[in-house]
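Heads up: the structure comes next, in structure tokens.
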Amino acid sequence: MKREAPRRGELVGVVEARMPCGTPLERLTAAVSLADELNELGDELMGHFVATAREAGFSWSEIGSKLGVSKQAAQKRFMAPAGGAGPFERFSPRARGVLDAAQQEALQLRHGYLGTEHLLLGLLAVSDGPAAEILDRLDVSAVAVRGGVERIVGAGSDPVVPPLALSRRTKKVLELSLREAKALAHSHIGTEHLLLALVREGEGVAAQILTELGLSAARVRQEVSDQLGEVSIPDGLGRSRGRRRRLPFGRRSG
């Protein structure tokens, strides 16, 4: 029997169940959140079947044709970054290592997409990076994060092969990492900028896991500030809440 996609009435029921005593505005906020979740799920669904098509031997031209876009557009949307080329050329070697490690984490979990949760695991995997040192000081372990991922998302049932789709939230995190680097007047994107971007995005699985582990965005930002020897870290609005001094010699970034 053909399974139908959720209908509007069912989704209305989900929002009302989440906010049983909510005001109309509170329910509107919940509806926006649910719509974001559905959009991300749609990205993940398409990424899964793009990966399946690639595994079956179909070309990017054939896949692009079915998506109604060019071969290049399909590759740009669904290929995970590799080698630091193109928009990732400003990523430090460690930051590129995070992306590689994140993809491996996704493959091990049999996820057909690269999500914020995989980025967080990737940050921990690059153990000599500033972000991993910060997370270690905050008592965030790979075991705890992986447990959170398996509880919230679960593992896939079928093996997947690269390239993996970037989830919408992951794309946002990568965009925000550049903004974080620019706000600190850094010429490269390091693991610390990826960590700041994860907490700034604030709604992905990674942010949810960090919150469950008792870490607020402000706490993470303060730790990054201490790591970099900065007086302050911008609050995500493009402005600093205090004067910053330059990165002192001996402090490691990346």
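Letter by letter, the sequence shown follows residues -19 to 234 of this note's numbering.
Even for Gly, the Cβ is constructed at its ideal location relative to N, Cα and C.
| request: May I ask you to report which of helix, strand or coil DSSP gives F58? | output: Residue state, collapsed to three classes: helix.
| query | Closest to A124 by CA distance: which of C1, E192 and V(-5) is it? | reply | Put simply, of C1, E192 and V(-5) the residue whose alpha carbon is nearest the alpha carbon of A124 is E192.
| Among E24, M26 and Q202, which residue has its Cα nearest to the Cα of R117? | Among E24, M26 and Q202, the Cα nearest to that of R117 is on Q202.
| query | Can L100 and A135 be called in contact, C-beta distance under 8 Å? | reply | Between L100 and A135, the gap from beta carbon to beta carbon reaches 8 Å or more.
| field | Chain-order list of residues whose beta-carbon lies under 7 Å from that of V185 (same chain, five-residue window excluded) | value | Closer than 7 Å at the Cβ level, and outside the excluded window around V185, lie G95, T96, E97, V129, I132 and V133.
| message | Assuming contact is defined by CB atoms lying nearer than 8 Å, are L164 and V179 in contact in what I supplied? | response | V179 is positioned such that its CB atom lies no closer than 8 Å to that of L164.
| DSSP three-state assignment for A145, whether helix, strand or coil | Three-state DSSP puts A145 in a strand.
| field | DSSP state of P(-14) mapped onto helix, strand, coil | value | Note: P(-14) maps to coil in three-state DSSP.
| request: Quick one: grab the DSSP three-state call for L94. | output: In the structure shown, L94 sits in a strand (DSSP, three-state: E or B).
| For V38, does the three-state DSSP call read helix, strand or coil? | A small fix is needed here, since residue 38 is Phe in this sequence, not Val. DSSP places F38 in coil when its eight states are reduced to three.
| For L79, which of A11, A(-3) and L144 has the nearest alpha-carbon? | The shortest C-alpha separation from L79 is found at L144.
| task | Between the Cα of H166 and those of S72, R149 and A82, spot the shortest distance and give me the residue it belongs to. | result | Ranking S72, R149 and A82 by Cα distance to H166 puts S72 first.
| field | Identity of the residue in R7, A122, R(-17) and G170 nearest L154 by Cα | value | Comparing Cα-Cα distances from L154 to each of R7, A122, R(-17) and G170, the minimum goes to G170.
| Short check: CB of S147 to CB of H173, under 8 Å? | No, Cβ-Cβ distance for S147 and H173 is not below 8 Å.
| task | Have a look at the DSSP bridge pairing and note the partners of I43. | result | Answer is none; I43 lacks a bridge partner.
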